[in-house]
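**Student:** This is the structure I have questions about; it appears just below.
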Amino acid sequence: MLGGDASRVALAGESAGGNRALATAIVARDKGVQAPSAVPAVYPIAGTDTNTDSYRVYADAKPLSRPLIQWFFGHYMRTPADAQDARLNLVAANLKGLPPTTIISAQIDPLRFEGELIAARLSAAGATVRSRTLDGAAHEFFGQGAAVPLAREAVRFGADGLTSAFSRNH
């Protein structure tokens, strides 16, 4: 036994994992099962429209570009109708009743504006939201804390969100 508190669980993820963490919180709410206490989502895929300002401005960003995300979507979705599924297209989902959420976005990332938009939509739906876009950061920077001070700063921001959420649920 680990001795953890099963009533206080967080779901976290980066990119597609950030989307899955938020989508799982939505499904838990809809099914009336235990929802996570918090959701940290790092540069989450929050929408399916690759013609937004974010995708145009950062179309050639590295390591994640617009053509690469389109390739991922092409292999992830079974049909074009899947692009409208609220579990993937989070910006169109009902976001009421979701747990405290931390959104971390990278400045140089086609997912940037969608991350900022989902944070605003979560807040408008009544969720407690902490959101930050890290200037100079690109997609995948979060796990580079050993070498990138900005990544350590982002991890601290995410950890502070967890601490705050778990403090409320104690």
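In terms of this note's numbering, the sequence shown is numbered consecutively and its last residue is 155.
For every residue, glycine included, the Cβ atom is placed at its ideal position computed from N, Cα and C.
As the structure is a computational prediction, the values presented were derived from the model and not from experiment.
#1: Since residue 69 is in the alpha helix (DSSP H), which residue starts that stretch and which ends it?
#2: Can you give me the Cβ contacts of residue 13 inside the same chain, cut-off strictly under 8 Å, excluding the 5 residues immediately before and after it?
#3: With H, G and I counted as helix, E and B as strand and the rest as coil, what does DSSP make of residue 30?
#4: Taking only runs that begin and end inside the region 96 to 126, name each unbroken alpha helix (DSSP H) of 4 or more residues, in chain order.
#5: Would you kindly report the start and end of the unbroken beta strand (DSSP E) that includes residue 129?
#6: Cβ atoms of residue 124 and residue 96: under 8 Å apart, would you say?
#7: Can you tell me whether DSSP reads residue 55 as helix, strand or coil?
#8: Within the same chain, show all residues whose beta-carbon is closer than 8 Å to that of residue 37, passing over the 5 residues directly before and after it, in chain order.
#9: Going by the CB atoms, is the gap between residue 24 and residue 10 shorter than 8 Å?
#10: Where does residue -6 sit, in a helix, a strand or coil, going by DSSP?
#11: In this structure, does DSSP put residue 87 in helix, strand or coil?
#12: Provide the residue span of the alpha helix (DSSP H) that contains residue 136, from first to last.
**Tutor:** A quick look at the data gives this:
#1: Careful: residue 69 lies outside any alpha helix (DSSP H) and carries neither H nor E.
#2: 19, 20, 21
#3: coil
#4: 97 to 109
#5: Run containing residue 129: none; DSSP gives neither H nor E here.
#6: yes
#7: helix
#8: 98, 99
#9: yes
#10: coil
#11: strand
#12: 134 to 153
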